[in-house]
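Written out below as structure tokens is the structure these notes cover.
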Ligand SMILES: Cc1cc2nc3c(=O)[nH]c(=O)nc-3n(C[C@H](O)[C@H](O)[C@H](O)COP(=O)(O)OP(=O)(O)OC[C@H]3O[C@@H](n4cnc5c(N)ncnc54)[C@H](O)[C@@H]3O)c2cc1C
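Residue numbers (the numbering used here): 1 to 809.
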């Protein structure tokens, strides 16, 4: 065996082979895949092989669509048998909420490029005459998907990779992985050692075990999932066409034709019915190969009965085969795709529960990320660093089981699921709960979403609902009086050392604050100028800076900061996210509230917009930052977490005379949309540069030495093809949420990235990336929201306080 490679991939299932193929396509042919058994001998070989187009997430749908365009061509490309069945699929809807979801997914499909039609029960019967449609109100018919022989597909990817020059070593177990002092990795295998620049953990059900070797963690559970194959069916024998794959939420099952038999796969829904494989160790023995488990009819029986009722032609046939196999489930059912936290050039390509459908697309976009430093799609929702240490075993088990049970449930926006909650709370958590706070989870933190004034629950769905007026009232409180919000979930870093200023100046695009207490909003870019991170940066002294970023970015940004320190540079990065709590106090009366509690001067002269001071409030020494994301006069108070309760009580008492109110992040979204503040992760992502994002004003004109500067200059010189615009929509009862297509002259010319209703301005607002020829203010466009094309107009200024008079008041 050779001693060096650029990349070593551990594991030869669909995910590993998908990556090997696409790394080779990107030109990284010096890649070796090591498999302990035969290719596909983990989860891949026994999969049912379905590859749906229909998927709720915009970015994941791009992954699925890519796979579904690749697989039908693989046989021709590689000469290897694939057995692609392009039979299409129909997902059934039984409720209005499901139909709204279909409309939303169908709108997104317009941008992604796959065909989808929402059809009625009669049309469904025409396509599948033996399917009962009792209770069915619609179907989402996707014609470009189907199913594949998983082993065939995986072997074809492997064959293609080999043809391009990549290497595969079979029957060789990786037994350890160690970091070398020079930054490379030593991969220890049964057949010898291999040194490499990059390691990829694609070990499927074993991926958690592999992480232990390097001190990392892979949050997923190996669940048991089974499908049943019937005896041959007369109707199938007599038919030349193949039925589409049916996805039936009423039975929580998928079913289709397998040769001339029926195939029924079950996601059990009742609590206690989901089962973990290989308890208590959680992963199979190393010797395990192509392992299956005893059939368990009992747990699946109610679901099978529901299917047999709906497809009566199967009712009298026996079951000839049951496949009960292991399937990995993460806490959010997305794979773990990207860098492992804190480990340089150690990548994860695992945790996939729909890994046959996703293997091709995941491989493509992960390969882009590894080779170019960023991918063409927003990878944030797949990045393994979306889970921190708080995502411990208990959290992972609870959420993965919940996810398994809900595989066929409609993901209603706003729904708060009970599993794995309260992993990261502030001292205010119980107090706010008692005040009616509905919390939502962000990187493990519980943060206020809205406050129920009368105990009502949110009627979750895709349209404006029963809390529309409640959130409006929270917004008005902030705009007219004063509001308070616990936003401790921010990621927070101290950057210290003699070289801290030079380091940050090189890393970020905006000018550095030149005075102590100065602040800037600034961005870190990749070498190709795509956006990597957004920081609110405060200078305490020239060797002491405080950086804030979004909750979900904590580990990503920590890696970025640490990995950017040059050799010999005296810089220390400290993650202080848990130490500092944050209370936002915002609104025209906020200065009066704070002044009642402090001898510090909160006047404009002493404490202007975008500056920070150390102050005392009610005898608590804390950091006040005059900045906020809601576009009002206001401060963020950063105080030691242990003092949060005391601070909140003091603010509340002082605020009573001004009719202070609690508010949550639903209100924040409305308020920031009115102020045209873009959202990191939605409007600002690694897919674009500051030029497309219309963020040039945050790039210093006097700096040419920051990472990505020359690529950004080039981009500005060459001109851009699309640009982020701010839109007002003539909406009806639903607002844009991101992913909606934007139309001009009947063509799709863009996509929304976020939106919401501005409760104070009473405008439905959105951000969208549109073709540059349609980006001028005043341009009239159409935005499709839940199937309805609504008129929209490009705005040239924020809907609220365009002159910034209020925030500078
Ligand atoms: C019953 C069932 C039906 C399914 N149906 C579908 C479906 O219809 N559509 C769909 O998209 N998905 C389906 N899946 C899920 C799908 O099978 C998985 O998501 C997918 O196979 C995961 O691929 P993988 O490459 O991550 O893992 P695996 O296929 O398990 O590959 C990991 C490989 O790593 C190797 N390995 C591990 N450790 C080492 C080591 N130390 N050294 C060397 N090699 C190592 C293993 O031997 C294994 O071959 C189904 C799963 C089940 C159980």
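Note that CB positions come from ideal geometry on N, CA and C, so glycine has one too.
Only a predicted model underlies this, so the values are computations on that prediction, with no experimental measurement involved.
**Q.** Runs of alpha helix (DSSP H) wholly within the region 591 to 656 (minimum 4 residues, chain order)
**A.** Runs of the alpha helix (DSSP H) inside the region 591 to 656: 644 to 655.
(Q) For ligand 1, is there any heavy atom lying closer than 8 Å to the beta carbon of residue 254? (A) Residue 254 Cβ: within cutoff of ligand 1.
**Q.** Extent of the continuous beta strand (DSSP E) run through residue 705
**A.** Run containing residue 705: none; DSSP gives neither H nor E here.
Q: Note the first and the last residue of the continuous alpha helix (DSSP H) segment covering residue 471.
A: Start and end: 468 to 480.
**Q.** Extent of the continuous alpha helix (DSSP H) to which residue 564 belongs
**A.** Following the DSSP letters along the chain, one finds residue 564 inside the alpha helix (DSSP H) bounded by residues 554 to 564.
Q. Near residue 298, which residues of its chain fall below 6 Å by C-beta distance, leaving aside the five closest residues on each side in sequence?
A. Taking C-beta separations shorter than 6 Å and ignoring five residues to either side along the sequence, residue 298 has no partners in its chain.
Q.
Here's a check: name, in chain order, each residue in its chain whose Cβ is nearer than 7 Å to the Cβ of residue 627, leaving out the five neighbours to either side.
A. Here the set comprises 519, 536, 610, 636.
(Q) Classify residue 286: buried if its beta carbon has 16 or more other beta carbons within 10 angstroms, exposed otherwise. (A) Here residue 286 is exposed, its C-beta having fewer than 16 other C-beta atoms within 10 Å.
Q) What's the gap between the Cα of residue 795 and the Cα of residue 779? A) The straight-line gap from Cα to Cα measures roughly 8 Å.
Q. In whole angstroms, what is the alpha-carbon distance linking residue 582 and residue 447?
A. When rounded, the distance between both Cα atoms is 11 Å.
Q.
Please tell me whether, using a cut-off of 8 Å, the distance from the CB of residue 512 to the nearest non-hydrogen atom of ligand 1 is below it.
A. No - ligand 1 has no heavy atom lying nearer than 8 Å to the Cβ of residue 512.
Q. Since residue 257 contacts residue 242 with CB under 8 Å, what's their CB separation in whole angstroms?
A. Sure, about 5 Å apart at Cβ, within 8 Å.
Q. By the 10 Å Cβ neighbour count, where 16 or more other Cβ atoms means buried, how is residue 301 classified, buried or exposed?
A. Residue environment for residue 301: exposed (fewer than 16 other C-beta atoms within 10 angstroms of its C-beta).
Q) Could you give the residue range of the beta strand (DSSP E) that holds residue 763? A) Its beta strand (DSSP E) spans residues 763 to 771.
Q) Skipping 5 residues on each side, what residues in its chain have a beta carbon closer than 7 Å to that of residue 540? A) Counting only Cβ-Cβ distances below 7 Å, and skipping sequence neighbours, we find 516, 546.
**Q.** Start and end residues, alpha helix (DSSP H) containing residue 73
**A.** Residue 73 -> alpha helix (DSSP H) spans 58 to 78.
Q: Please report how far the alpha carbon of residue 783 lies from the alpha carbon of residue 766, in whole angstroms.
A: Each residue's alpha carbon lies about 10 Å from the other.
Q) Are the region 350 to 357 and the region 241 to 255 touching, with three or more C-beta to C-beta distances below 8 Å? A) Verdict: no, contact absent.
Q: Could you please give the first and the last residue of the uninterrupted beta strand (DSSP E) stretch that includes residue 347?
A: Per DSSP, residue 347 is one residue of the beta strand (DSSP E) stretching across 346 to 350.
Q.
Here's the rule I'm using: 16 or more other beta-carbon atoms within 10 Å means buried, otherwise exposed. How should residue 662 be labelled?
A. Classification for residue 662: buried.
Q. Exposed or buried, residue 705, counting other C-beta atoms within 10 Å across all chains shown (16 or more means buried)?
A. That one is exposed.
Q. From the DSSP output, which residues share a beta bridge with residue 492?
A. The partner list for residue 492 (beta bridge, DSSP) reads 548.
Q) Where residue 309 and residue 321 are concerned, what is the direct C-alpha to C-alpha distance, given to the nearest angstrom? A) Whole-angstrom Cα-Cα distance: 20 Å.
**Q.** Beta-bridge pairing of residue 337 - partner residues as DSSP gives them
**A.** Its beta-bridge partners are 349.
Q.
Can you determine whether any heavy atom of ligand 1 sits closer than 8 Å to the C-beta of residue 205, and answer yes or no?
A. For ligand 1, at least one heavy atom lies less than 8 Å from the Cβ of residue 205.
Q. Can you name, in chain order, every residue of its own chain whose Cβ lies under 8 Å from the Cβ of residue 480, other than the five neighbours on each side?
A. Cβ neighbours of residue 480 beyond the five flanking positions: 587, 588.
**Q.** Distance between residue 2 and residue 346 (C-alpha atoms, nearest Å)
**A.** Annotation: residue 346 to residue 2 spans about 20 Å, alpha carbon to alpha carbon.
**Q.** residue 230 - containing beta strand (DSSP E), residue span
**A.** The continuous beta strand (DSSP E) containing residue 230 extends over residues 221 to 232.
Q: Please work out which residues of its chain come closer than 7 Å, Cβ to Cβ, to residue 373, disregarding the five sequence neighbours upstream and downstream, and give them in chain order.
A: By the criterion of a C-beta distance shorter than 7 Å, residue 373 is surrounded in its chain by 526, 527, 528, once the five residues flanking it on both sides are discounted.
Q.
Below 8 Å on the Cβ atoms is my contact criterion, and I expect residue 466 with residue 458 to pass it. Report the Cβ-Cβ distance as a whole number of Å.
A. Contact flag correct, Cβ pair sits at about 7 Å.
Q. Based on Cα-Cα distance, which residue from 762, 511, 426, 462 lies nearest to residue 643?
A. The residue with the shortest Cα to Cα distance from residue 643 is 426.
(Q) ligand 1 and residue 147: does the residue's C-beta get closer than 8 Å to at least one heavy atom of that ligand? (A) Yes, Cβ of residue 147 sits closer than 8 Å to a heavy atom of ligand 1.
Q.
Rounded to the nearest angstrom, what separates residue 192 and residue 108 at their Cα positions?
A. In this structure, the alpha-carbon of residue 192 lies about 48 Å from that of residue 108.
Q: Spatial neighbours of residue 369 within its chain, please: CB distance less than 7 Å, with the 5 preceding and 5 following residues excluded, ordered by chain position.
A: Annotation for residue 369: 338, 375, 379 place their beta carbon closer than 7 Å to its own, counting only its chain and skipping 5 residues before and after.
Q: Determine which residues share a DSSP beta bridge with residue 450 and list them.
A: 438, per the DSSP bridge assignment.
Q: For residue 811, name the three-state secondary structure that DSSP assigns.
A: Residue 811 cannot be examined here, being either before or after the span of the chain that is shown, 1 to 809.
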